[in-house]
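Working notes, structure below.
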Amino acid sequence: MLTLTRRPQEKIMIGDDIVITVLRAQSNKVKIRIEAPKETPVHREEIYQRIQQEYNKVE
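In full-length UniProt numbering, the protein residues as written are 1 to 59.
This is how it looks when you write it as structure tokens:
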């Protein structure tokens, strides 16, 4: 696991084609922008878990 510290408008690169930009940090919230190819799914954790639960019900 890697932990990074970034300031607003600074970026994190994941591979060659995923960019995470810190837009704003205030109190206990951080607003980020994620740029990724259309074929790369990007979800909040709670949405991802819901998708996985639905997928497991089908099997």
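Ideal Cβ placement from N, Cα and C applies to all residues, glycine included.
Here the structure is a predicted model, which means the values were calculated and not measured.
Rounded to whole angstroms, what is the Cα-Cα separation between Gln52 and His43? 12 Å
Beta-carbon proximity check, Pro8 vs Ala36, cutoff 9 Å: no
What are the partner residues of Thr5, as DSSP defines its beta bridges? Thr5 pairs with nothing; no bridge assigned.
Between which two residues does the alpha helix (DSSP H) holding Arg50 run? 45–58
By DSSP's criteria, Ala25 is part of a beta bridge. Which residues make up the other side? Val30
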